[in-house]
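Okay, so the sequence shown: first residue is 1 according to UniProt numbering, each after it adds one.
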Amino acid sequence: MSEGVLSVTDSRTSLTYEIPIQRNTIRAADFRALKAPHAGTDPADQVSEGIRLFDPGFKNTAASQSSITFLDSRKGIVQYRGHNLADFWKTAGFEDLSYLLIWGHWPSPAEKEALRKELVTAAQKIPDSVSKVIQSFSRAAAPMQMVVAGLAAYLGENPKSIPAFSGRNLYHQNLEVADKAVIRTLACFQVCVALAACHRSGTFFTSIDTDQSYLYNLLLMMGKVDRATRKPDPSFLYHIQRVWALGADLGHTNSTSALLLGASSLSDPLSCLISALSSGYGILHFGAAEASYKGLAAIGNKKNVPYMIDKVKRREAKLFGYGHRMFNTIDPRILFGEQILGEIDSKHPLIEVAMEINRVASKDEYFVSRNLQANSDLFIGIVYTALDFDASFVPVMIALMRSGGMMAHWREAMSQPTSLWRPQQFYTGRVGVLPQEVPDSMALDGGKEIRANGEVESLLASSVAEKAVRTSQPEPAMHAMQTTITEAVTQAQHSSVQPDVSSQRMTSSATVNSTISQHDGIPSIVVDLAKSSDQESLSSDAPPPQDTEEAAGSEIETTCGAVDISIFAVEDPHMEETLRANDDSKMPHVSTVEIHASVASHAPTTTIPIDDALLFALEA
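Structural data, given as structure tokens:
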């Protein structure tokens, strides 16, 4: 049964919630309905915003929907678009599998040939900058970094393919353009890998053969050819073709997820591929095959395997190539990989070591009880090194093997509704006192006093109400003024002196009259904002005044005991002219106001933006 309802009772509130189950999946966002009172809780827990789901490493979280690769971890089944891996791994070439994964069906002979030709054409256009940037590396540098730099150089030659540079969406819901970008990305990746291989080995780069396949041309350009024929060895081709079929895709792996993270921001496929390669090069992903090979080399001889196994059990060493994040049974690719190793005419000494590790570990209680099985990393490094690849190049070959699958996931993301991937975090750090909860003892800036009826009252220097209301409409402006006054009163409640404030719209020609009086027996500051004697009376429905350049600013000052309120508003006359010319009443004017504290307090000057029509500043 895949459908149903999950009933959840929240013990904090005694409320019961029903969450729909569809295809044995629930929506994480549905848990946001489970809220609780936040009083007395850690602010970081954010209980009033709903339950959060904590899943380190996404062990039980699906970030998106996909119809590309199906995995059954319990039975060890892998299917590409509904086709069992066991049915085609011996015969399918790169073009076949890429077409199946990217476009959803096995290609006809004509479709396969069309794809091959498009890949060849795209690979022939190699900018000089790509070769130069790869050749600028030390020959001893890690090849993955060379490849990443080469891909970035390809992007640099065609910046219009980058959505951010072009300033618009290029690929999302535009599959015709996306398909061309996919083919270009596969070709660029192929060329960069070949250039990196040639640079590291000191081999001359060989131009592509327009009549051959993607894998054939890769080996040709890399210089992996028979010395007599100067062509790739057919047996090499067949071995690598089958290895690539086994690992063409494995769902949302670490590297594919990194690619999809970039795709969620609607980035181009080359940029997304770079993200995938950077993430995949860690020793827990593509780098695991290289690390596994080097671990086997350190063991050296199969006689040393029991000693290594004992070190692993004592947690003194890590055995790369054992255990898999997805499969709870033997990795189905292992059985096929063993067949390939058996066919390779090689006396590679580490083949025996790998076989012995698998034999011993598969019978050891430590591994059996933990359901730890060998994975493809244990053998894949040996396959490539037996085919005369340097161990450091194995992660690059694995990534290239996975490139068709990666592009399938990128294209799928471009065809789906966009949703930026932005995981939540489980904050465990300290939360300081929040602004609205600052106690008087912590907020005092010190020294600020106001004399009311002969008594000295200490006030908060930070209790300065300042507001910028970006509107030219009278009613919203007056509403914003009232809101500002309310905020000012709230802040002033930290002190024993309570302000009684009323106001009107204020322009740069307004004056401020302030007095100290008793209001219901409580010392009060009364601030009256009134017009200048030479101005017409301002009402709430009066239009904002049009200041001229000569009257662009004026200063209003008032003194109330030991408190000085000084306001200086300056408007940009050129902007005013632009506004009048464009008749755009919604564009905000840009002004600056300075609110000076008491001379005795030595408090700093505060500068904030305001509009041309409304300013309210109260220092209590």
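Backbone N, C-alpha and C define an ideal beta-carbon position, used for all residues, glycine too.
I need the straight-line Cα distance from residue i to residue j, nearest angstrom please.
{"i": "R139", "j": "L195", "result": "12 Å"}
{"i": "P332", "j": "S48", "result": "47 Å"}
{"i": "M587", "j": "A153", "result": "With a pLDDT of only 42 at M587, under the threshold of 50, the placement of this residue in the model should not be trusted; the figure read from the coordinates follows. About 42 Å."}
{"i": "L260", "j": "A228", "result": "44 Å"}
{"i": "A245", "j": "A114", "result": "20 Å"}
{"i": "S362", "j": "E356", "result": "10 Å"}
{"i": "residue 623", "j": "G251", "result": "Because the chain is modelled from 1 through 620, residue 623 falls outside the range shown and cannot be assessed."}
{"i": "Y293", "j": "V433", "result": "53 Å"}
{"i": "E290", "j": "Y384", "result": "10 Å"}
{"i": "G280", "j": "C192", "result": "17 Å"}
{"i": "H83", "j": "I26", "result": "27 Å"}
{"i": "R370", "j": "Q79", "result": "26 Å"}
{"i": "A187", "j": "T16", "result": "55 Å"}
{"i": "P20", "j": "A33", "result": "13 Å"}
{"i": "L175", "j": "I299", "result": "50 Å"}
{"i": "T13", "j": "Q65", "result": "34 Å"}
{"i": "R315", "j": "G287", "result": "21 Å"}
{"i": "H409", "j": "L319", "result": "31 Å"}
{"i": "I309", "j": "N301", "result": "13 Å"}
{"i": "A468", "j": "P159", "result": "Annotation note: pLDDT 30 at A468 (below 50); position unreliable, no value reported."}
{"i": "T203", "j": "R422", "result": "44 Å"}
{"i": "V243", "j": "E95", "result": "14 Å"}
{"i": "T9", "j": "S376", "result": "44 Å"}
{"i": "N304", "j": "Y366", "result": "18 Å"}
{"i": "K313", "j": "P306", "result": "11 Å"}
{"i": "P127", "j": "V225", "result": "25 Å"}
Which residues share a DSSP beta bridge with residue i?
{"i": "F70", "result": "Q79"}
{"i": "S7", "result": "E18"}
{"i": "residue 642", "result": "This structure does not reach residue 642, given that the chain is present from 1 up to 620, and the question cannot be answered."}
{"i": "N84", "result": "Q79"}
Please state whether the Cβ-Cβ distance between residue i and residue j is less than 8 Å.
{"i": "A123", "j": "N254", "result": "no"}
{"i": "F393", "j": "P143", "result": "yes"}
{"i": "A248", "j": "G4", "result": "no"}
{"i": "F336", "j": "W106", "result": "no"}
{"i": "Y427", "j": "A44", "result": "yes"}
{"i": "A413", "j": "A181", "result": "no"}
{"i": "R155", "j": "P163", "result": "For clarity, residue 155 is Leu in the given sequence; the question names Arg instead. Not closer than 8 Å, so no."}
{"i": "A399", "j": "H348", "result": "no"}
{"i": "F31", "j": "G50", "result": "yes"}
{"i": "L284", "j": "V148", "result": "no"}
{"i": "S129", "j": "E157", "result": "yes"}
{"i": "G93", "j": "Q212", "result": "no"}
{"i": "L151", "j": "L53", "result": "no"}
{"i": "T185", "j": "L273", "result": "yes"}
{"i": "I380", "j": "L350", "result": "no"}
{"i": "T210", "j": "M221", "result": "no"}
{"i": "R411", "j": "A178", "result": "yes"}
Under DSSP, the alpha helix (DSSP H) around residue i begins and ends at which residues?
{"i": "G427", "result": "For clarity, residue 427 is Tyr in the given sequence; the question names Gly instead. Taken as a continuous stretch (DSSP letters only), Y427 belongs to no alpha helix (DSSP H), as it is neither H nor E."}
{"i": "L237", "result": "234 to 246"}
{"i": "R333", "result": "332 to 343"}
{"i": "I351", "result": "349 to 361"}
{"i": "D249", "result": "Per DSSP, D249 belongs to no alpha helix (DSSP H) and is neither H nor E."}
{"i": "F379", "result": "377 to 386"}
{"i": "D55", "result": "Run containing D55: none; DSSP gives neither H nor E here."}
{"i": "H409", "result": "403 to 415"}
{"i": "T121", "result": "109 to 124"}
{"i": "K313", "result": "305 to 313"}
{"i": "W103", "result": "94 to 103"}
{"i": "E316", "result": "Neither: E316 is in no alpha helix (DSSP H) and is coded neither H nor E."}
Measuring only from the beta carbon, is residue i closer than 7 Å to any heavy atom that is part of the ligand GDP?
{"i": "T229", "result": "As far as ligands go, the structure on display features none, and thus does not contain the ligand GDP."}
Checklist entry - In chain order, which continuous runs of the beta strand (DSSP E) of length 3 or greater are located wholly inside the segment 259 to 295? => result none
Item to check | Inside the segment 153 to 219 only - beta strand (DSSP E) runs reaching at least 3 residues | outcome: none
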